[in-house]
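Heads up, the sequence shown is in the numbering used here, so the first residue is 8 and it goes up one at a time. The beta carbon of each residue, even a glycine, is placed where N, CA and C say it ideally should be. Since we're looking at a predicted model, the values are computed, not measured. Structure first, then comments.
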Amino acid sequence: MTGGLAIETSALAKRFGAVEAVAGIDLAVPTGSVFGFLGPNGAGKTTTIRMLVGLIRPTSGSAAVLGNPVRPGGVDLASIGAVVERPAFYPYLSAAANLRLFAALQGVGGSGADRRIADALDRTGLGPAANRKVGGFSTGMRQRLALALAMLHRPRLVILDEPTNGLDPGGVVEVRATITELARTGTTVFLSSHVLSEVEQLCDLVAVLARGRVVASGAPAELLDGPGLLRVGFDSAAEAETARRLLTDDGMAVTPAGADDAALSVGVAASDGSRIARRLAAAGLFPAELTPVRQSLEAVFLELTRDAAPQASGDGTSASASREAARSGGETADPDDRDATPSGNWPR
Ligand code: ATP
């Protein structure tokens with residue numbers, strides 16, 4: 008990370024009729040970081056991103072991207088690359104020809120454009136497919152072409168909404184490699200995801216969103232650093248039972264460790280291991296095993312977002328489905344939103 012904030016929001020909020028999609032969030036995305044915006048369906052990730060790139064207007068609060076306040080239509084597209092909705096390309100044109108069109112829209116032509124196109128296609132692993140028609144591309148290849156488009160003008164910040172959604176495992180690996188490559192060259196990457204392992208693998212920092220609110224933020228390792236579990240194993244079930252009574256009397260949460268009746272799970276921080284070992288030793292009990300059980304980000308995520316069912320309409324409708332309904336005239340549609348037409352980096 009190189010200092011300063013690439014994205015900063017203050018009490019940023021968006022309401023669609025009765026739905027509070029984003030309920031006043033403060034984000035601070037350091038320059039040069041890969042920042043994961045994690046949350047279940049309907050948490051408000053896409054709505055936040057659409058505000059950040061100026062596609063829709065916040066109901067209240069503010070956002071600054073690369074130091075400039077965001078206003079609808081006033082975003083400095085020269086410094087940002089974004090893949091917000093799945094872009095449409097001309098199917099009968101090659102990947103390179105599609106990019107050439109968009110480069111021309113950005114005012115870049117000639118050999119300068121050719122160099123950038125070759126570079127963007129190489130960095131997304133599409134070099135060998137440069138001259139193939141996009142109509143024959145797989146979903147993963149189209150998504151990588153969208154990334155190539157987003158990085159065509161060598162932006163300092165790339166914003167990606169669920170970049171691996173709908174991809175097969177091969178496509179996921181390729182898109183992740185592209186993101187890692189972007190980060191390596193100093194580009195700030197802000198990506199939304201509900202795939203926990205993705206965020207854990209790719210991101211330096213994470214904000215977890217639930218019901219439009221940030222419920223946790225920090226490095227993935229920090230989020231995992233809550234109260235943990237220690238597995239304490241003994242040579243016999245009798246010893247484990249004596250230890251269970253002793254530790255329970257000391258106020259610790261102790262449960263059997265799965266099917267093994269000679270092992271216990273003790274709910275304490277990993278750093279409490281030596282305290283437990285001393286306590287047991289003082290009672291003449293010597294555990295054969297004392298192992299911190301790493302919490303999975305999955306468990307932490309579920310715990311943090313437990314009460315955050317999608318707020319769509321209470322009928323299980325996904326956020327995207329209810330968005331579609333809204334777009335086609337539903338009551339909660341925001342006229343502001345309906346009029347917002349992606350431009351610049353968002354081919355239709
Ligand atoms: P997903 O992962 O399912 O895409 P998300 O975290 O991106 O979810 P959003 O798409 O931002 O969530 O939706 C947040 C809430 O706002 C949802 O309840 C959704 O139905 C609602 N919403 C989003 N856009 C609109 C709209 N244009 N009109 C009405 N409601 C909307």
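Near ligand 3: residue 169 beta-carbon under 8 angstroms from a heavy atom: This structure simply doesn't include ligand 3; it includes ligand 1 instead.
Cβ-heavy atom distance, residue 54 to ligand 1, below 8 angstroms: Walking along the sequence shown from the start, residue 54 turns up at place 47. It does: the Cβ of residue 54 is within 8 angstroms (strictly closer) of some heavy atom of ligand 1.
Spatially closest choice to residue 205 from 29, 30, 44, 106, by CA coordinates: Taking the sequence shown and counting its residues from 1, the one referred to as residue 205 is at position 198. If we check each option's Cα against that of residue 205, 44 comes out closest.
Start-end ranges of the beta strand (DSSP E) lying completely within the region 181 to 223, minimum 3 residues: 195 to 200, 212 to 217
Per-residue burial, residue 105 [other beta carbons within 10 Å of its own, 16 or more giving buried]: Against the sequence shown, residue 105 aligns to sequence position 98. It is buried - the Cβ of residue 105 has at least 16 other Cβ atoms within 10 Å.
Residue 24 beta carbon near ligand 1 (any heavy atom closer than 8 angstroms): To locate residue 24, count along the sequence shown from 1; it is residue 17. Indeed, a heavy atom of ligand 1 lies less than 8 angstroms from the Cβ.
Cβ pair residue 225, residue 239 closer than 9 angstroms: Sequence index remark: in the sequence shown, residue 225 carries index 218 (1-based). Sequence index remark: in the sequence shown, residue 239 carries index 232 (1-based). Contact: no.
Given 8 angstroms, three or more beta-carbon pairs between the region 246 to 262 and the region 68 to 78: no
Beta-carbon spacing of residue 91, residue 62 below 9 angstroms: Within the sequence shown, residue 91 is the residue found at index 84, counting from 1. Within the sequence shown, residue 62 is the residue found at index 55, counting from 1. In this structure, residue 62 lies closer than 9 angstroms to residue 91 by Cβ.
Close-in-space but distant-in-sequence residues of the same chain around residue 293 (CB under 6 angstroms, 5 per side omitted): Your numbering for residue 293 matches position 286 in the sequence shown. Nothing listed; no residue qualifies.
Sheet register partners of residue 44 (DSSP bridge): The sequence position of residue 44 within the sequence shown is 37, counting from 1. For residue 44, which the question treats as bridged, DSSP gives the partners 199, 214.
Residue 165 and residue 194 closer than 9 angstroms at C-beta: Locating residue 165 in the sequence shown gives position 158, counting from the first residue. Locating residue 194 in the sequence shown gives position 187, counting from the first residue. Result yes, Cβ atoms of residue 165 and residue 194 sit closer than 9 angstroms.
Any non-hydrogen atom of ligand 1 within 8 angstroms of residue 70 CB: The count along the sequence shown starts at 1 and reaches residue 70 at position 63. No, Cβ of residue 70 sits at least 8 angstroms from all heavy atoms of ligand 1.
Beta-bridge partners of residue 75, as assigned by DSSP: The residue labelled residue 75 in the question sits at position 68 within the sequence shown. Answer is 72, bridged to residue 75.
Through-space distance from residue 209 to residue 289, alpha-carbon basis: Residue 289 sits at position 282 when you count from the first residue of the sequence shown. Residue 209 sits at position 202 when you count from the first residue of the sequence shown. Cα to Cα, the separation comes out at about 45 angstroms.
Exposure of residue 199, with buried meaning 16 or more beta-carbon neighbours within 10 Å: For the purposes of this step, residue 199 is identified with residue 192 of the sequence shown, where counting begins at 1. Buried, because 16 or more other Cβ atoms sit within 10 Å of the Cβ of residue 199.
Check whether residue 189 and residue 158 have beta carbons under 9 angstroms apart: Taking the sequence shown and counting its residues from 1, one reaches residue 189 at position 182. Taking the sequence shown and counting its residues from 1, one reaches residue 158 at position 151. Contact flag set, yes.
Straight-line gap, residue 34 to residue 167 (C-alpha atoms, nearest Å): Taking the sequence shown and counting its residues from 1, one reaches residue 34 at position 27. Taking the sequence shown and counting its residues from 1, one reaches residue 167 at position 160. Distance between the alpha carbons of residue 34 and residue 167 is about 16 angstroms.
Range of the contiguous beta strand (DSSP E) that encloses residue 54: Residue 54 sits at position 47 when you count from the first residue of the sequence shown. Counting along the chain, residue 54 falls outside any beta strand (DSSP E), though it belongs to the alpha helix (DSSP H) covering 52 to 59.
Buried versus exposed, by CB contacts within 10 Å (16 or more), residue 151: Within the sequence shown, numbered from 1, the residue matching residue 151 stands at position 144. By the neighbour-count rule (16 or more Cβ atoms within 10 Å), residue 151 is buried.
Cβ-heavy atom distance, residue 67 to ligand 1, below 8 angstroms: Looking up residue 67 in the sequence shown gives position 60. No, Cβ of residue 67 sits at least 8 angstroms from all heavy atoms of ligand 1.
Proximity below 9 angstroms, CB of residue 128 to CB of residue 155: Counting from one through the sequence shown, the residue named residue 128 turns up at place 121. Counting from one through the sequence shown, the residue named residue 155 turns up at place 148. Cβ atoms of residue 128 and residue 155: closer than 9 angstroms.
Buried/exposed call for residue 112, threshold 16 Cβ in 10 Å: Numbered from 1 along the sequence shown, position 105 holds the residue referred to as residue 112. Label assigned to residue 112: exposed.
In chain order, each alpha helix (DSSP H) run of at least 4 residues that lies wholly inside the region 264 to 302: 280 to 289
Proximity of residue 12 and residue 71 at Cβ, strictly below 9 angstroms: Here residue 12 is taken as the residue at index 5 of the sequence shown, counted from 1. Here residue 71 is taken as the residue at index 64 of the sequence shown, counted from 1. Yes, the pair counts as a contact, with Cβ atoms nearer than the cut-off.
8 angstroms Cβ shell around residue 101 - same chain, five flanking residues per side excluded: Locating residue 101 in the sequence shown gives position 94, counting from the first residue. The answer, listed in chain order, is 137, 138, 139, 140, 141.
Beta-carbon spacing of residue 311, residue 217 below 9 angstroms: For the purposes of this step, residue 311 is identified with residue 304 of the sequence shown, where counting begins at 1. For the purposes of this step, residue 217 is identified with residue 210 of the sequence shown, where counting begins at 1. Yes, Cβ-Cβ distance for residue 311 and residue 217 is below 9 angstroms.
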